[in-house]
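Asks: Quick note, the sequence shown lines up with residues 1 to 299 if you use the working numbering.
Note that beta-carbon positions come from the ideal geometry of N, C-alpha and C, so glycine has one too.
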Amino acid sequence: MRSNSTAPAPPPGPAPLPLAGHVVVVTGATSGIGERTALGLARTGAQVVLVGRDAGRIERTRARIAGEFPDARLESAVADLARLAEVRRVAGELGLRHPSIFALVNNAGAVYAHREVTTEGHEATWALNVLAPYLLTHLLAGPLRRGAPARVVNVASAAHRGRRLDFEDLEGHRRYSGFRTYGRSKLALLLLTYEFARRWSGRGITVNALHPGYVRTGFGKNTPGAMSGVIRFLDRLFAIPAEEGARTPIYLASSPEVADANGLYFARCRPVPSSRASYDAASAARLWQVCAEQTGVGR
Ligand SMILES: NC(=O)c1ccc[n+]([C@@H]2O[C@H](COP(=O)([O-])OP(=O)(O)OC[C@H]3O[C@@H](n4cnc5c(N)ncnc54)[C@H](OP(=O)(O)O)[C@@H]3O)[C@@H](O)[C@H]2O)c1
């Protein structure tokens, strides 16, 4: 016989975490903004792939994150992203492990006081801050498309302001200054962000960039001498903690509020205009062409 009495509803369980079941990839996850971004994204329930260039540092990062959030679902991937061959190898590995990816955070980046050349012959800032995110984003296009709606988040910098690209000398053969080269590399990353957003529009993958703020991290460790002294001095005066610097990348990689944002530059979790030079569509198209020739993808 049927009873009319309604059984009391079971007590509500914990709400499912917003990114549970999703994979996010964070480059430069072994320090500073990348590590805090990885922790923040792990807290949303995502399976977070920590990409770093040193297996030991990745393991220590895993332990730190797990110490703060024991439920974190973490994996490692080792690659020196300043080398295109390594970017290709790790992208292949990630694609095999994860047929679908929800977010790629291109965070790894550096400034070099003196001009350094990679074993593949590229100036190191150009290789790491520009070619690596360009190539990795292209090579993960398949998993991102299968993870759609998916997101690419590029960690740029306010240091792009006041810079212009010199297409005759993109890799600083003629003249080199660490800060100028760094600022130009972030301008290039912004131009590429907007170009990806235009070209990939309608594919279910958004591409945005951000300035994390002036953040106290390991940044500048490749810069011995006066430059590192300047960075340390400015750090003491103005820098915010890495947790704060990670807020905007976490927001862009996970918040439903920005699900449709595409081709925008954010600071403090809000869209802001980037420099005039960064919106020059002709430069973006030319830069894309250079990157396509140097990496062999995107032609
Ligand atoms: N700090 C700021 O004020 C600030 C401001 C604007 C933008 N940013 C940007 O924020 C991003 C993160 O920087 P951060 O401040 O957090 O500096 P960080 O503490 O030095 O972190 C940089 C990360 O990039 C990794 N990395 C460096 N070279 C690499 C390579 N060849 N291959 C793979 N990974 C490499 C580092 O790995 P290791 O641990 O192995 O060195 C580290 O995990 C960078 O793109 C930077 O340009 C920073």
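Kindly list the residues whose CB is nearer than 7 Å to the CB of HIS160, restricted to its own chain and excluding five residues on each side of it in sequence; keep chain order.
Replies: Hits under 7 Å: GLY183, LYS186, LEU187, LEU190, SER274, SER275, SER278.
Asks: Check whether the segment 222-236 and the segment 20-31 touch, using three or more Cβ-Cβ pairs below 8 Å as the test.
Replies: Too few Cβ pairs lie closer than 8 Å, so no.
Asks: Within 8 Å, do at least three Cβ pairs link the segment 112-125 to the segment 35-43?
Replies: Too few Cβ pairs lie closer than 8 Å, so no.
Asks: Go through its chain and collect everything with a Cβ distance to PHE238's Cβ below 7 Å, but skip five positions before and after it.
Replies: Closer than 7 Å at the Cβ level, and outside the excluded window around PHE238, lie TYR214.
Asks: Where DSSP assigns a beta bridge to SER76, which residues make up the other side?
Replies: Bridge partners of SER76: LEU50.
Asks: Near MET1, what residues of its chain come up, given a Cβ to Cβ distance below 8 Å and the 5 sequence neighbours on each side ignored?
Replies: The pLDDT assigned to MET1 is 38, lower than 50, so where the model puts this residue is not dependable; a value taken from the coordinates is nonetheless given after this. So no residue of the chain qualifies.
Asks: In this structure, how does DSSP classify TYR134 when only helix, strand and coil are distinguished?
Replies: DSSP places TYR134 in helix when its eight states are reduced to three.
Asks: Could you check whether ALA197 and ASN262 sit closer than 8 Å to each other, using their CB atoms as the reference points?
Replies: Yes. Within cutoff.
Asks: Is PHE196 close to ligand 1? I mean its beta-carbon at under 7 Å from any heavy atom of the ligand.
Replies: PHE196: no, Cβ never under 7 Å from ligand 1.
Asks: Can you tell me whether LEU140 sits near ligand 1, meaning its C-beta is under 7 Å from at least one heavy atom of the ligand?
Replies: No, Cβ of LEU140 sits at least 7 Å from all heavy atoms of ligand 1.
Asks: Check the DSSP bridge columns for LEU104 and list the partner residues they point to.
Replies: The partner list for LEU104 (beta bridge, DSSP) reads VAL25, VAL152.
Asks: Taking just the CA atoms, how far does ARG57 sit from GLY218?
Replies: Going by the C-alpha atoms only, they are around 13 Å apart.
Asks: Measure the CB-CB distance between ILE205 and LEU144 and report whether it falls below 8 Å.
Replies: Against a cut-off of 8 Å, the Cβ pair of LEU144 and ILE205 comes out as a contact.
Asks: So LEU210 and PRO256 are supposed to be a Cβ contact under 8 Å. How far apart are they, rounded?
Replies: About 17 Å; that fails the 8 Å criterion.
Asks: What residue does the alpha helix (DSSP H) around ALA82 start on, and which one ends it?
Replies: Neither: ALA82 is in no alpha helix (DSSP H) and is coded neither H nor E.
Asks: Would you identify the three-state DSSP class for TYR251, choosing helix, strand or coil?
Replies: Correct three-state label for TYR251: helix.
Asks: Which residues in the same chain have their Cβ closer than 7 Å to the Cβ of PRO70, if we skip the five residues on either side of it in sequence?
Replies: If we look at PRO70 and ignore the five residues flanking it on each side, it has no Cβ neighbours.
Asks: Report buried or exposed for HIS173, applying the criterion of at least 16 other Cβ atoms within 10 angstroms of its Cβ.
Replies: It counts as exposed.
Asks: Please look up how many angstroms separate the CB atoms of LEU19 and SER254, rounded, as I've assumed it's under 8 Å.
Replies: At roughly 6 Å, the Cβ-Cβ gap stays under 8 Å, so LEU19 and SER254 are in contact.
Asks: Applying the criterion that 16 or more other CB atoms from any shown protein chain within 10 Å of the CB defines a buried residue, is VAL49 buried or exposed?
Replies: Buried: at least 16 other Cβ atoms inside 10 Å.
Asks: For ALA209, does the three-state DSSP call read helix, strand or coil?
Replies: It is a strand residue.
Asks: Does the beta-carbon of LEU170, which I'm using as the reference point, lie nearer than 7 Å to any heavy atom of ligand 1?
Replies: False, no ligand heavy atom lies under 7 Å from that Cβ.
Asks: So the candidates are VAL111, VAL105, ALA148, ALA55; which of them puts its Cα closest to the Cα of MET227?
Replies: Residue VAL111 is the option with its Cα nearest to MET227.
Asks: My understanding is that ILE33 touches GLY245, with C-beta atoms under 8 Å, so please give their C-beta distance in whole angstroms.
Replies: Indeed they touch by this definition, with Cβ atoms about 5 Å apart.
Asks: Tell me the DSSP bridge mates of GLU123?
Replies: Partner(s): VAL117.
Asks: Between which residues of its own chain and ARG299 is the CB-CB distance below 6 Å, once the five residues before and five after are set aside?
Replies: Around ARG299: ALA292.
Asks: Using the Cβ count rule (16 or more neighbours within 10 Å means buried), how would you classify ASP80?
Replies: Buried: at least 16 other Cβ atoms inside 10 Å.
Asks: If we count the other Cβ atoms within 10 Å of its Cβ and call it buried at 16 or more, is SER5 buried or exposed?
Replies: Low local confidence applies: a pLDDT of 49 at SER5 is under 50, so the model's placement there is unreliable, with the coordinate-based value given in what follows. So SER5 counts as exposed.
Asks: Please classify PRO8: is it buried, with 16 or more other beta-carbons within 10 angstroms of its beta-carbon, or exposed?
Replies: Result: exposed.
Asks: Reducing DSSP to helix, strand and coil, say where PHE167 ends up.
Replies: Residue state, collapsed to three classes: coil.
Asks: I believe GLU120 touches ALA85 by the beta-carbon criterion, under 8 Å. Please report the beta-carbon distance rounded to the nearest angstrom.
Replies: Going by Cβ atoms, the distance from GLU120 to ALA85 rounds to 7 Å, so yes, they are a contact pair.
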